Amino acid sequence: MKRKAAGKLFSFLTAAVMGVSMIPATALAAETKSTDVDQEWYNFRNNQENNGVTDRPTPTSDLEAAQKWAVKYGSGWSAAPTPPLILDDYLYIGVGNKIIKIDKATGEKVDESDEMAGNVGYAMNPILYADGKLFVQIGSGRIQAVDYDTLTCAWTTEAVDSGQTVSPISYAEIDGEGYIYTGTWTAESRDGTFFCVSTDDDGVVNGVKEPEWKFVPSGSTKDTDTITYDPDLNATLDDEGSVAKRGFYWAGAYATDKYVAVGSDDGTGENDPTANGVFYTLNPKTGEIIDKISGIKGDIRTTVVYDNGHLYFCTKGGLMYKVDVDASGNLSNESYMDLGNQVTAAPIVYKNKIYVGVRGDGGQFDPDGGHFFAVIDNSGTLSADSLMYKLPIAGYPQAAALLSTANEDVDYDQDGKADGRVYLYFTYNAQPGGIYYTYDTPDQKEASKESKELFVPDEAQQQYCISTICADREGTLYYKNDSGYLMAVEANEAYLNNAVVTSEDGTTAAWDKAFDSRKSNYEVKLPTGSKQAVIKLDLIEGSSAAVNGTAYKNQAVVALGEDGTAEAAVTITKGEDSRTYTLKIACQSENADLSGLEVNNSNSAGDGIVDLSPEFASGNTEYTADITELNGIGTSEFWNVWPTAADNSSSVTVYPVENVDEDWLLEDGTVEGITRNGTTRYPVYPKDPSKTIKVRIDVTSENGKVTKSYHLTLLKKVDVTGVALNHTEYTMDLKDTLQLQAEITPADATYQTVKWYSSDEEVAVVDENGLVTPKKAGKTTITVITDDKSLTAACEVTVENRDLLAAQAVDDKIDAIGEVTLESKADIDVARAAYDALTDDQKALVTKYDTLTAAEKTYQELKDAADKEAADTAAAKAVDDKISAIGEVTLESKDAIEDARTAYDALTDDQKALVTNLADLEKAEEAYGVLALAQAKEDAKAEIENYKDMEDYRQAQQEELKEIIKEAQAVIDEAKDQDAVAQAAADAKAKMDQVKTDAQLAEDEIAAAEAKAVMDKIDGIGEVTLKSKTEINAARIAYDGLSDLAKSKVTNYEKLTAAESKYAALVKEQKPETVVDKESGISVEGKLIPDSKLVIEELKEADAPELLKAFESEDIAEILGAYEVSLENGGFNGSLKLIFTVGDEYNGRKVIIKHLTGDGSIDTYTEIVKDGKVSVTVDSLSPFMLALADDNSTADPGKTPGTDNQTNQTDTNGNNTDQDGKTENPDTSISPKTGDEQTPMFWTLFICAAGAGILVIARAKYRKETR
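This is the structure we're talking about:
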């Protein structure tokens, strides 16, 4: 905010006079030696008193605070820069092992120092300018002196110990010579060193300067002659549990030419504050103790602040101390108050108040840890009652704050007197790592409601923050955070209220973050294929704008380039101020590719990378990483998958496919992504670390229209040890195929693939799946070979042409006829019978069928020509010969016996009489029958023995099956023929089929239990009354939900049907009744269930969006009311007539009624008001909303069924419920009650008028303030 030079000068002089008048001359610390350097901000708080008070015109509004610049110097919390000094209009910071000189206007580096002897490390506190040098805290207990003009290293102090140098450096001029003071810290229970060094170059040897003196609190060093120490602590060094040793951490001193005041740690553990801290005043030239306060609770880790004869400091034990000090360093009248938790920030003391940040009871780095900024009454001694108020902060205010008095004389409340308002600024150790601000007045008793974040850095600049803030004379604030960025925040009245970007077709763009007047950089995405960005700005009063240098009027159109991108620089100007907002505009991408994919066994990207097969290429989606010989991370042996999207606006999701431990997945079943430093890893935990893991990586494009899946296998290879086939030899017909199956050992071998070969592909071929197809009769060997280890197995396959064999057998029988004689009949008949038994395909292969027919013809001719008796004799003789050829009867004699029987049966009776050995045939048949019966019995026994799998049955049923088998085997043994054997086997199998398996018995038991539950519901109906509806319905629903099996077990179903019939009769006889709600005038008329109570509740705002939206398409004059109508303790039968009282003044007018039904749709009724009432007939009760139709409305009376899909449901009493089934209980009314005298229009006009009045007053007040 710009101010006139005269005003600035007056404010500066006034503050200077007031400040000097408040400080006794004897206690005022000396300034640094006078030089020609413009010391705009030269040390910790720009004064010797370490008190963060300035009169500079700092920003007083978050809207008017703008980032002037941000430049990255360093990376991470341990290498971030120091807060800056401001000298000769340049900034100076320490970062790494150098001092950087920076252009204050741009933040860019102008120059840098030589490499220093050490590193500034974690730099919370600024460096110091004094006596023409810059003094920097570096490691190992040292201070580096750098020449201000040349930035060359002058000297380094001797390393007083191996500790950290993390406290501010203090300065004092004594007898015309300059001295600097600081301390070191090594560990909680080890001594640090507080030391003094002169600022001149005297005594420098090889670039190293010895301290003037060293103070070691306990004197634990062996060389006590060269140090000063605390005798009281030294005396306890050898005590058990001694806490004598301690150091100086963030403990800046207040230094004068008479004394140096500094506090120490308490010598105990990090989180164990005890009453062992000590506050010292030391002789500035010798380090001897002048005075001290012992027994202070907690480490003193704040810089000492001096104000008006008092010293102030705080502890990690939560104490705020105030101590009187005289000109010689003697201490008295100490008082303190307990702030409840640790404090590490130097307090601000101004007038009668103290300001300091306090850690909350939660975690130090938890933004919700209860941290606060305390305002303390400093009008007297400190006590428990001194706390005036707390300002809660989302982060621990861990660094010293800044207080500006520039606006003390402003009359903000317009009462004709200055308010005395001071503004306070501080950082907080949490994300996003910005600047918080508030204000306070002398009579203020509570935190200002305007307290908020003054400035929030952009995402890349956000990090935790422990940084002091400095201000230049223009009021620009400078600070850093752990992101490594140094930032400048200035007052700027030019800002933009809002911006809207659309495509040429009006589609609203998507922003990377909501527009915020305080933030300058945005990424804006338009729909894919957009050609233009249309920008509309909401400007503040008195401002103008330009877009890419062109003056803005109403809207700006920015053309997108061929790559679908553009950049819009929106510059806002108000008075002398300007601010630019940068909009990076692009079309939403359809890119769903990965640009990289890695797997490793480290939580650090790039370490322990496992090779992918094939090498990554975005066009390939199948990858394998062989982890067979590797170990995963930790005891869980997990692996990190690092997919990199080609478009960082696309989304990546990793899904488990195989062997992924579900305990490590997110609730949606996906693998959690962990992002750090801009890269994301997906830790995949195996169920079994010894087995292969598989995941799927889905990349979805920014516009959501394209998803591409990548498949990753983390291979734990299992070698093949063997392979076997389901057949080792096989005989098949030429018409058939054979499916060979290869079984690889072990079953979980990684490579299950094989190849197949046939030794003679003219006989049979085999495909890649092991399917053997014959080509011709013959023999071949089918061999399978595993791809892994090349192990083999083989099957010898014999291919037969069984049709040809059958035909050849017939040809042989025809050949056997030979020369046809009267003795050839038997052979001819056998050949004919064999031929007729063939299939058509087989008959086609018979080559000698003509010979058979010719033989038959010749024989017939011979037969006809020969003497019938001779022929008969010959025929009988031929049969005798066949019978004689049977020989000894075995199971292989079947064909010979059947041939003889066939020949015999073909004889005439006369011929049969001539057969001489028929008895031999019958004996042979009987003998064969005995053999065949015995074989049939064995086969039948085996069949029933293997008919059922005993493991499918319970023990009792197994015993029952065994008994059936035993009985059947006995019957089979007694069977006299094969038909009896077959019947015995069939009977046994039928009995076994009646025995129920374990699964069938379980099904019976479940069905019985379900039936029992339904029967209980039916019995529970009891005597049927009009109140029995719920029980009857419940029983009916339960019965209808049963399976047929369960239904068959319900024995009291007739009770249910009788109850339903009786209830229907009661309903039919029931008389309608009317119930009225007196308060609303609403009534219902219908068949009500006894004890039903009409409940009318006025609808609340949170529950009416569906009904309100439904009225958007209606022409209405006003909303008359909205109600939740329900019947408690019962319900109704059939339909209800619902009557609303709206008032006689609406007689003859149309009223539109919206009803939100149970299925979520909305029914619409249009009714005419008569006698001040409207009525509708409904089937359910739930929310209703009534509106008076506009006089020009074309709505016709009647009902319009609803079609809108809603999420509401209706319970059995007609109450509106949410998706969890809970009855809604709205708490805010959305409309006036029916019959209210004032209409909504009246209240709308009243509110608008009141708002206009307030706006006029506010503008007048603003103009007065800004004149």
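Counting with mature numbering (1 follows the signal peptide of the UniProt record, and there is no 0), you get residues -29 to -1, 1 to 1238 for the letters of the sequence shown.
We treat Cβ as the ideally placed atom computed from N, Cα and C, and that holds for glycine.
For clarity, every value in this text was computed on a predicted model and none was experimentally measured.
{"Query": "First and last residue of the alpha helix (DSSP H) that includes residue 761?", "Result": "Note, residue 761: premise wrong, no alpha helix (DSSP H); not H, not E."}
{"Query": "Roughly how many angstroms separate the alpha carbons of residue 800 and residue 874, rounded to a whole number?", "Result": "7 Å"}
{"Query": "Would you kindly work out how many angstroms separate the C-alpha atoms of residue 1213 and residue 535, rounded to a whole number?", "Result": "Unreliable positioning characterises residue 1213 in this predicted model, as indicated by a pLDDT of 40, which lies under 50. The coordinate reading is nonetheless provided below. For residue 1213 and residue 535, the distance between alpha carbons rounds to 51 Å."}
{"Query": "Identify which residue in 862, 974, 870 has its Cα closest to the Cα of residue 850.", "Result": "870"}
{"Query": "Pairing CB atoms from the segment 86 to 104 with CB atoms from the segment 471 to 491, are three or more of them under 8 Å?", "Result": "no"}
{"Query": "Look up residue 404 in the DSSP assignment and give the residues it is bridged to.", "Result": "Answer is none; residue 404 lacks a bridge partner."}
{"Query": "Can you give the Cα-Cα distance for residue -1 and residue 372, rounded to whole angstroms?", "Result": "With a pLDDT of 42 at residue -1, under the threshold of 50, the modelled position of this residue cannot be trusted, and the question is left open."}
{"Query": "So, for residue 69: in the same chain, excluding its five sequence neighbours on each side, which residues have a beta-carbon less than 8 Å away from its beta-carbon?", "Result": "83, 84, 85, 86, 87"}
{"Query": "How about residue 617 and residue 623: do their beta carbons lie closer than 8 Å?", "Result": "no"}
{"Query": "Where residue 1014 and residue 980 are concerned, what is the direct C-alpha to C-alpha distance, given to the nearest angstrom?", "Result": "12 Å"}
{"Query": "Along the chain, which unbroken stretches of the beta strand (DSSP E) at least 3 residues long are found entirely within the segment 1076 to 1121?", "Result": "1087 to 1099, 1103 to 1112"}
{"Query": "Just the Cα atoms here: how many angstroms apart are residue 963 and residue 931?", "Result": "9 Å"}
{"Query": "Is the Cβ of residue 742 closer than 8 Å to any Cβ of chain D?", "Result": "Note that chain D does not occur in the displayed structure, where there is just one protein chain."}
{"Query": "Could you pull the DSSP bridge partners for residue 348 from this structure?", "Result": "324"}
{"Query": "Tell me the DSSP secondary structure of residue 1070 in three-state form.", "Result": "coil"}
{"Query": "Do you know how far the Cα of residue 33 is from the Cα of residue 424?", "Result": "7 Å"}
{"Query": "Shortest alpha-carbon distance to residue 729 belongs to which of 109, 560, 769?", "Result": "769"}
{"Query": "Where does the unbroken alpha helix (DSSP H) through residue 1004 begin, and where does it stop?", "Result": "1000 to 1011"}
{"Query": "Within 10 angstroms of its Cβ, does residue 647 collect 16 or more other Cβ (buried), or is it exposed?", "Result": "exposed"}
{"Query": "Note down, in chain order, each residue of its chain lying with its Cβ closer than 8 Å to the Cβ of residue 992, except the 5 sequence neighbours on either side.", "Result": "999, 1002, 1003, 1006, 1026, 1027, 1030"}
{"Query": "At the level of alpha carbons, what is the spacing between residue 105 and residue 135?", "Result": "19 Å"}
{"Query": "Hey, could you find the ends of the beta strand (DSSP E) residue 359 is sitting in?", "Result": "358 to 363"}
{"Query": "So the beta strand (DSSP E) residue 1139 belongs to, where does it begin and stop?", "Result": "1133 to 1139"}
{"Query": "Looking at the structure shown, is residue 485 part of a helix, part of a strand, or coil, going by DSSP?", "Result": "coil"}
{"Query": "In chain order, what residues of the same chain lie with their CB nearer than 6 Å to the CB of residue 580, ignoring the 5 residues before and after it?", "Result": "569, 571"}
{"Query": "Mind checking whether residue 465 and residue 543 have CB atoms under 8 Å apart?", "Result": "yes"}
{"Query": "At which residue ranges does the segment 282 to 344 contain complete alpha helix (DSSP H) runs of 4 or more residues, listed in the order of the chain?", "Result": "none"}
{"Query": "Is it the case that the Cβ atoms of residue 776 and residue 693 are separated by a distance below 8 Å?", "Result": "no"}
{"Query": "Buried or exposed: which applies to residue 793, given that a residue is buried once 16 or more other Cβ atoms fall within 10 Å of its Cβ?", "Result": "buried"}
{"Query": "Let me make sure I understand the geometry here. Which of 725, 722, 743, 724 has the alpha-carbon closest to that of residue 732?", "Result": "743"}
{"Query": "Tell me whether residue 113 sits in a helix, a strand or coil according to DSSP, three-state version.", "Result": "strand"}
{"Query": "What separation, rounded to the nearest whole angstrom, lies between the Cα atoms of residue 457 and residue 24?", "Result": "22 Å"}
{"Query": "Between the Cα of residue 213 and those of 161, 258, 755, spot the shortest distance and give me the residue it belongs to.", "Result": "161"}
{"Query": "Relative to the C-alpha of residue 906, which candidate in 917, 947, 882 has its C-alpha closest?", "Result": "947"}
{"Query": "Beta-carbon separation of residue 1159 and residue 1122 under 8 Å?", "Result": "yes"}
{"Query": "Taking the continuous beta strand (DSSP E) assigned at residue 44, which residues delimit it?", "Result": "Where residue 44 is concerned, there is no enclosing beta strand (DSSP E), given that its DSSP letter is neither H nor E."}
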